[in-house]
Amino acid sequence: MSLRLGDLAPDFNADTTEGPVSFHQWLGDGWGVLFSHPADFTPVCTTELGEVAKLKKAFADRGVKVLAVSVDPLDSHYEWIKDINETQNTTVNFPVIADPDQIVAELYDMIHPGADDKATVRSVFVVGPDKKIKLTLTYPASTGRNFDEILRVIDSLQLTADHKLATPVNWRPGEDCIIVPAVSDEEAAERFPEVRRIKPYLRYTPAPN
Ligand code: BEZ
1 MSLRLGDLAP DFNADTTEGP VSFHQWLGDG WGVLFSHPAD FTPVCTTELG EVAKLKKAFA
61 DRGVKVLAVS VDPLDSHYEW IKDINETQNT TVNFPVIADP DQIVAELYDM IHPGADDKAT
121 VRSVFVVGPD KKIKLTLTYP ASTGRNFDEI LRVIDSLQLT ADHKLATPVN WRPGEDCIIV
181 PAVSDEEAAE RFPEVRRIKP YLRYTPAPN
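In this note's numbering, the protein residues as written are 1 to 209.
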């Protein structure tokens, strides 16, 4: 069965390009992004993994670890990473799971036989410090993901977790946020320096620093 928001992210042990990983232990108390790509030595994946390497600091600044997975073996990953580093002008600096037995792929329902019965689709799972799934996203093999958008969602998720704030349509970091409905007007007045009340259910406040 597919995983849903709020489900516990399944734990697993896997071999990666940076050594064995026990997923929950590796996550520690922080946030994580687990993302799959269809196969090594494919063009779109090459650009994606290069971009994630460049964004490693942006993820780390948010307390987020990133972990990639595909069903290819470790020796293939190591050879492919040389190409990624060369063509994307970067150094892959995060672990890539080798999942030739499709253990992680099955656990996270990353193989969609109607699309491809062997390769993983482009799945993304954002996992919170409670090990629960906060975001799922599935892209087709031929479309590279927008990792700036994944960072934007993480910013929004962290605003909700830390400040009881939601984010409006097309929100960008720094723009005004929405006070979540569960916060009363009284609590909002105590919690936020400024509240703009358009409707009882639509209340804005500046983004916290
Ligand atoms: C890929 O790069 O993974 C890819 C590109 C086009 C179609 C399918 C996969």
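By construction, the Cβ of each residue, glycine as well, lies at the ideal position given by its N, Cα and C atoms.
| task | Determine the contact status of P95 and T17, defining contact as a CB-CB distance below 8 Å. | result | yes
| message | With a threshold of 8 Å between beta carbons, is D185 in contact with chain B? | response | Absent here is chain B; the protein component of the structure consists of one chain.
| field | Endpoints, the alpha helix (DSSP H) within which A58 is located | value | K56 to D61
| task | Give the straight-line distance between the Cα atoms of V126 and R172, rounded to the nearest whole angstrom. | result | 19 Å
| said: Within a Cβ cutoff of 7 Å, which residues of the same chain sit near T167, ignoring the five residues on either side of it in sequence? | reply: S156, L159, C177 and I178
| message | Do L5 and Y108 count as a contact pair if the criterion is CB distance below 8 Å? | response | no
| task | Would you check whether the ligand BEZ has a heavy atom nearer than 7 Å to the C-beta of V242? | result | What is shown of the chain runs 1 to 209, which leaves residue 242 out entirely.
| How would you write the range of the beta strand (DSSP E) that W31 sits in, first residue to last? | W31 to S36
| Less than 8 Å separating the beta-carbons of L67 and I97? | yes
| Helix or strand or just coil, what does DSSP make of D83? | helix
| Where L157 sits in the DSSP three-state scheme | helix
| Counting pairs of Cβ atoms below 8 Å between the stretch 75 to 84 and the stretch 22 to 30, do you hit three or more? | Too few Cβ pairs lie closer than 8 Å, so no.
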